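Below: one structure, written as structure tokens.
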Amino acid sequence: MTSPPQRFWLPGPVAVHPDVMAAMQQPMIGHRTPAAEALRARIDLGMRQIFQTRRPVAVATCSATGLMEAAIRSGVRDSVLCVVSGAFGERFARIAEQCDKEVIRLHVPRGEALEPGLLATMLDGPPVDAVTLVHGETSTGVQHPVSELLHLLRPLPDVVTIVDAVTTLAAAPVDPDGWGADVVFSGSQKALGLPPGLAFATVTDRFLERAAEQRDRGLYLDLAALHHDAAAGRWSQTPALPQLFALDRQLERIAIEGLKARWNRHRAMREKVENWVASHGRCTLFATAGRRADAVTALRLAPGKSAAELVRTLGAEGWQIATTRDDNEDRIIRIGHMGDAQPEDLAQLLSTIEPRL
């Protein structure tokens, strides 16, 4: 008997495989025991492979926004350039302002990516000691050319780079070591296919040197301390053990699928949506061609159509997609094709949406 199609297509959180949910029901263990140390070692090995890094991967019990703030507190001395092309670039800027940092916003039109030429021009402006980038902007479906952007930033000796890979980790290549990014962080509830509640980060020695200068790094979200504990193979505080059991199981499943195969599956789903749009022309792709995220697609509906109404109609039939995060825009829908989602299930969603466009 075939299983029913997946109907949960939000751009986070995502549907979680039953085997992963079942893993959360394991009995608790002491977080200072050999069993917890073995769990920590397995998770670090698996997450290093996902991040494609030689460095330890810090694990925190929080959403990715927690590590976004941690990176700002530990990595920004005085002033930061925040690339804003959507809601999560703006979140970086707002957090930095709340942390009493001087913020310079580099605004990029929604639906477009930051290209290296514009960044090069901005670097001739007022000096900053950090730059924040969002690899995949969930609110618009844009994927920025982070490798090219960091190629410009890497030679700057006093500029720490902080990259949000929340939407892209496990959906597309994320390469902190190759990019030369000082901080790359992500969360559990998107392409990793896990419940919300965990966040991950890898940092460089340059970031740790900067963090050592900062007097207000905090305690719970001290990213330098989280890194050192990860390097030592221990948990910084009592962790969310059920989520860690789920992560441990999901890392096994991702290894069986293969990381490159997982990237390819996400790319295939993005291409399926693109081809579907081209086949009927009743809506348009919001993000610029060549700069579209593999994990989420934003679509602009035809004039006179309401995204909120379409989402409600689909919801009444058990299908969940999202509107945009912009309260002034009621023609954008977003489909999160990430995690363990399959192209054949996505095809059923698209066929359900099409008559309503």
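Heads up: the sequence shown runs through residues 1 to 357, numbered per our numbering. The C-beta atom is built at its ideal place from N, Cα and C for all residues, glycine as well. Here the structure is a predicted model, which means the values were calculated and not measured.
Pick out whichever of the options has its Cα sitting closest to the Cα of residue i.
{"i": "ALA246", "options": "ASP229, ASP294, ASP164 and LEU194", "result": "LEU194"}
{"i": "LEU310", "options": "LEU285, PRO355 and ALA289", "result": "PRO355"}
{"i": "GLY180", "options": "THR204, SER186, PRO126 and ILE254", "result": "THR204"}
{"i": "MET68", "options": "PHE51, THR53, GLY86 and ALA93", "result": "ALA93"}
{"i": "PRO18", "options": "ARG253, THR202 and ALA172", "result": "ARG253"}
{"i": "LEU349", "options": "ALA191, ASP326, MET269 and ASP294", "result": "MET269"}
{"i": "ALA341", "options": "ALA298, LEU192, ALA255 and ALA287", "result": "LEU192"}
{"i": "GLU257", "options": "ALA287, GLY339 and GLU209", "result": "GLY339"}
{"i": "LEU235", "options": "ALA35, ALA23 and GLN143", "result": "The sequence given here places Trp at residue 235; Leu does not occur at that position. When only C-alpha atoms are compared, the closest one is ALA35."}
{"i": "ASP294", "options": "PRO242, LYS272 and GLY315", "result": "LYS272"}
{"i": "LYS190", "options": "HIS337, ILE353 and ARG217", "result": "HIS337"}
{"i": "ALA379", "options": "LEU241, GLN49 and PRO11", "result": "The first residue shown for the chain is 1 and the last is 357, placing residue 379 beyond what the model contains."}
{"i": "GLN26", "options": "PRO242, GLN143 and HIS227", "result": "PRO242"}
{"i": "GLY89", "options": "LEU223, HIS135 and ALA322", "result": "HIS135"}
{"i": "ARG40", "options": "VAL59, ALA211, GLN52 and TRP9", "result": "VAL59"}
{"i": "LEU244", "options": "ALA15, ALA22, THR161 and ILE95", "result": "ALA22"}
{"i": "ARG206", "options": "ALA170, ALA130, PRO145 and ARG267", "result": "ALA130"}
{"i": "GLY46", "options": "HIS144, THR161 and ALA170", "result": "ALA170"}
{"i": "ARG262", "options": "TRP9, ASP44, VAL146 and PRO173", "result": "PRO173"}
Would you mind sorting residue i into buried or exposed? The rule is 16 or more other CB atoms within 10 Å of its CB.
{"i": "ARG291", "result": "buried"}
{"i": "GLU213", "result": "exposed"}
{"i": "THR168", "result": "buried"}
{"i": "PRO56", "result": "buried"}
{"i": "SER139", "result": "buried"}
{"i": "GLU329", "result": "exposed"}
{"i": "THR121", "result": "exposed"}
{"i": "ASP124", "result": "exposed"}
{"i": "PHE286", "result": "buried"}
{"i": "LYS260", "result": "exposed"}
{"i": "GLU137", "result": "buried"}
{"i": "ALA231", "result": "exposed"}
{"i": "ARG73", "result": "buried"}
{"i": "LEU346", "result": "buried"}
{"i": "GLU344", "result": "exposed"}
{"i": "ASP100", "result": "exposed"}
{"i": "ASP182", "result": "buried"}
{"i": "ARG312", "result": "exposed"}
{"i": "HIS227", "result": "buried"}
{"i": "HIS107", "result": "exposed"}
{"i": "GLN237", "result": "exposed"}
{"i": "ILE353", "result": "buried"}
{"i": "ALA289", "result": "exposed"}
{"i": "LEU219", "result": "exposed"}
So, under 8 Å CB-CB, residue i and residue j are touching, yes? Tell me the CB distance rounded to an integer number of Å.
{"i": "THR324", "j": "ILE332", "result": "4 Å"}
{"i": "LEU114", "j": "VAL163", "result": "Incorrect: roughly 12 Å between the Cβ atoms, too far for contact."}
{"i": "GLY233", "j": "GLU97", "result": "Contact flag wrong, Cβ pair sits at about 36 Å."}
{"i": "PRO239", "j": "THR61", "result": "5 Å"}
{"i": "VAL296", "j": "PRO11", "result": "4 Å"}
{"i": "GLY315", "j": "ALA211", "result": "The pair is not a contact, with the Cβ atoms about 44 Å apart (cut-off 8 Å)."}
Got a sec? Which residues, its chain only, sit under 7 Å from residue i by beta carbon, not counting five neighbours each side?
{"i": "GLU102", "result": "ASP78 and SER79"}
{"i": "LEU149", "result": "LEU114, PRO116, LEU119 and LEU133"}
{"i": "SER63", "result": "GLY187, PRO196 and ALA199"}
{"i": "ARG110", "result": "SER85, GLY86 and THR140"}
{"i": "ARG7", "result": "GLY318, TRP319 and GLN320"}
{"i": "MET1", "result": "At MET1 the pLDDT is 44, less than 50, meaning the model places this residue with poor confidence and gives no usable figure here."}
{"i": "ARG215", "result": "none"}
{"i": "VAL128", "result": "SER79, VAL80, LEU81, ILE104 and VAL159"}
{"i": "ARG267", "result": "ASP294"}
{"i": "PRO5", "result": "ASP345 and GLN348"}
Confirm the yes/no value for this check: CB of residue i, any heavy atom of the ligand ZN, distance under 7 Å.
{"i": "ASP177", "result": "Only the bare structure without any ligand can be found here, which leaves the ligand ZN out of the picture."}
Which same chain residues end up closer than 8 Å to residue i when comparing Cβ atoms and leaving out the 5 residues on each side of it in sequence?
{"i": "ARG42", "result": "ASP248 and LEU251"}
{"i": "PRO126", "result": "SER79 and ILE104"}
{"i": "SER351", "result": "none"}
{"i": "LEU208", "result": "ALA224 and HIS227"}
{"i": "ASP326", "result": "ALA87, ARG110, SER139 and ILE332"}
{"i": "ARG91", "result": "THR65 and MET68"}
Please return the same chain residues whose Cβ sits closer than 6 Å to the Cβ of residue i, not counting the five positions on each side in sequence.
{"i": "VAL184", "result": "VAL163, ALA165, PRO176 and THR202"}
{"i": "VAL20", "result": "ALA246, ARG249 and GLN250"}
{"i": "LEU221", "result": "GLY66 and ALA70"}
{"i": "LEU357", "result": "ARG282 and CYS283"}
{"i": "THR53", "result": "PRO176, ASP177 and THR202"}
{"i": "GLU274", "result": "none"}
{"i": "GLU112", "result": "THR288"}
Would you say the stretch 27-44 touches the stretch 150-165, given that touching needs at least three Cβ pairs under 8 Å? no
Three or more C-beta pairs closer than 8 Å, one from the stretch 300-310 and one from the stretch 281-288: is that the case here? With contact defined as three or more Cβ pairs closer than 8 Å, the stretch 300-310 and the stretch 281-288 are in contact.
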